[in-house]
Amino acid sequence: MSNASSSPHYRLYAHIGSPYSMKMRAVLRYRRIPHVVIGAGRAADWLKSFQQVRVPVMPVLEYPDGTFANDSTPLILDLEKRHADRSVIPEREADAFLASLIEDLADEWLSKAMYAYRWAFPEHTKWTGRLIAFDQHFGGGREYIERHGHDFETRQVGRNPLVGCTEANMPLLMAIAEHVLDALEPNIPMRPFLFGSRPSNADFALFGQLCQFTLDLAALEPCQARAPYTMRWCHHLHDLSGHEGTWRGKREDVSPAADALLRLAGEAYLPFLEANEAALASGAERVRIEAHGHTYEGTPFPYQRRCLEALRSGYAALSSEARSRLDPTLEAHHCLSVLRA
Ligand SMILES: N[C@@H](CCC(=O)N[C@@H](CS)C(=O)NCC(=O)O)C(=O)O
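Whatever position you read off the sequence shown (first residue = 1), add 344 for our numbering.
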């Protein structure tokens, strides 16, 4: 029985190999919210934490009052209500909306490239399985780790078709990673964050996925060669507890990286969300899009329909002033019609 109810801090059940775990841990650290991480070697505890939430996905956050919740996007928003300092939601309304769109793109689209790098390169998955089992069963001994590593690898590779990491989709999945790295790399040396000199929920979401590229064997070399500063940036984002910055000033534009990411949203991610919604509505078993000269075909998911609904209601809730500021950019990047639908 945990004594969390009398404990003044949060407990994050998390792993270094879990992108959303790293996103949440980085937010808690940056925001200086007292917490401990239940990770390496605490497999039994985080499995128990899964029993406290509706959908067993990582990370799970245990609140100081002993309640549990997961799903990083609403968790981050909930922490905003409970803690005032060092917010990660940009203060300008229009920027906050763009940040939510980029956060979503990172969580739901870049994540497919992350999964592909991790589990769709057969020459690497044996070691990936073992290394993640090492994290989960830290100190468990080589034999135990290797047995669990093999089981984990088998399970995760078996999920490739479900998450869209098929051979036919690989060119598109790799193009997602390349577009994101190319959006960030030229800007990161001068402007490490998208909406000023402090990090937003969008920066942390991108980081969550990208920091896995610094761990995964298939991603390491190509990403390092393509985007060395972005890879290094990931190591900084892990702990920005000492960072001080401001949101952008009136005369300062959003980073050109945000613009490039919006272009990616308009070319691929939002069309994917729209096709996903249409497939669910018509009962089609497959969702299919063309983007960047490649094809993506996969299983439709209700979770991603909810993502689209959330983006649309975020757009609909904007003040007319914010909307008139945003619309030309959204229109130029082919994002507007999907958001208005
Ligand atoms: N939308 C969730 C996604 C969380 C998620 O998918 N977590 C992965 C690990 S990174 C997971 O636990 N997958 C289930 C599994 O591996 O059994 C979030 O933002 O937190």
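Glycine residues also receive a C-beta, built at the ideal position from the N, C-alpha and C atoms.
Computed from a predicted model, the values in this text were never measured in an experiment.
Exercise for review: For Val682, name the three-state secondary structure that DSSP assigns.
Suggested key: It is helical.
Practice item. Kindly give me the distance between the Cβ atoms of Asp451 and Phe539, rounded to whole angstroms, as I take these residues to be in contact under 8 angstroms. Key: Contact flag wrong, Cβ pair sits at about 17 angstroms.
Review point. Where does the unbroken beta strand (DSSP E) through Ile489 begin, and where does it stop?
Key: Careful: Ile489 lies outside any beta strand (DSSP E), inside the alpha helix (DSSP H) at 486-502.
**Study point:** Spatial distance of Arg426 from Ala413 (CA atoms)
**Key:** Roughly 14 angstroms separates the two Cα atoms.
**Study point:** Residue range of the unbroken beta strand (DSSP E) whose run includes Ala413
**Key:** Unbroken beta strand (DSSP E) run through Ala413: 412-414.
**Study point:** Exposure label - Trp471; buried when at least 16 CB within 10 Å
**Key:** Exposed: under 16 other Cβ atoms inside 10 Å.
**Study point:** Residue closest to Arg669, alpha-carbon to alpha-carbon, out of Met458, Arg649, Phe441, Arg576
**Key:** The closest CA to that of Arg669, considering only Met458, Arg649, Phe441, Arg576, is found on Phe441.
**Study point:** Member of Asn531, Ala464, His523 whose CA lies at the smallest distance from the CA of Arg503
**Key:** Ranked by how close their Cα comes to the Cα of Arg503, the residues Asn531, Ala464, His523 have Ala464 in first place.
Practice item. Could you have a look at Thr639 and say whether DSSP puts it in helix, strand or coil? Key: Thr639: strand per DSSP, three-state reduction.
Check your understanding: Got a sec: is the Cβ-Cβ distance from Ser544 to anything in chain E below 9 angstroms?
Key -> You won't find chain E in this structure, because it holds only one protein chain.
Practice item. For Met345, count neighbouring C-beta atoms within 10 Å of its own C-beta (all shown protein chains included) and say buried if the count is 16 or more, exposed if not. Key: Legend: pLDDT at Met345 = 45, less than 50; position of this residue unreliable, value from coordinates given subsequently. Exposed: under 16 other Cβ atoms inside 10 Å.
Review point. For ligand 1, any of its heavy atoms closer than 8 angstroms to the Cβ of Lys456?
Key: Outside the cutoff, so no.
**Study point:** Which listed residue (Tyr364, Met575, Ile476) has its alpha carbon closest to that of Glu447
**Key:** With distances taken between Cα atoms, Glu447 lies closest to Tyr364.
Check your understanding: Name the DSSP beta bridge partners of Ile633, please?
Key -> Partner(s): Tyr640.
Exercise for review: Indicate, with yes or no, if ligand 1 has a heavy atom lying under 8 angstroms from the CB of Lys367.
Suggested key: The nearest non-hydrogen atom of ligand 1 is less than 8 angstroms from the C-beta of Lys367.
**Study point:** Cβ neighbours of Gln500 in the same chain (closer than 6 angstroms, five flanking residues each side left out)
**Key:** Result list for Gln500: Trp463, in chain order.
Practice item. Alpha carbon to alpha carbon, how far is Arg607 from Val380? Give it in angstroms, no decimals. Key: Approximately 38 angstroms, taken between the alpha carbons.
Check your understanding: Just to check, is the beta-carbon of Ser416 closer than 8 angstroms to a non-hydrogen atom of ligand 1?
Key -> Ser416 Cβ: within cutoff of ligand 1.
Point to revise | Pair within 9 angstroms by beta-carbon distance, Leu517 and Lys456 | key: The answer is yes: Cβ separation under 9 angstroms.
Point to revise | Entirely enclosed beta strand (DSSP E) segments - the segment 364-438, minimum 3 residues | key: 379-382, 404-406, 412-414, all fully within the segment 364-438.
Point to revise | Same chain, Cβ closer than 7 angstroms to Pro352, neighbours up to 5 away in sequence not counted | key: Only residues of its own chain outside the window of five on either side were considered, and among them Pro378, Pro408 have a CB closer than 7 angstroms to the CB of Pro352, listed in chain order.
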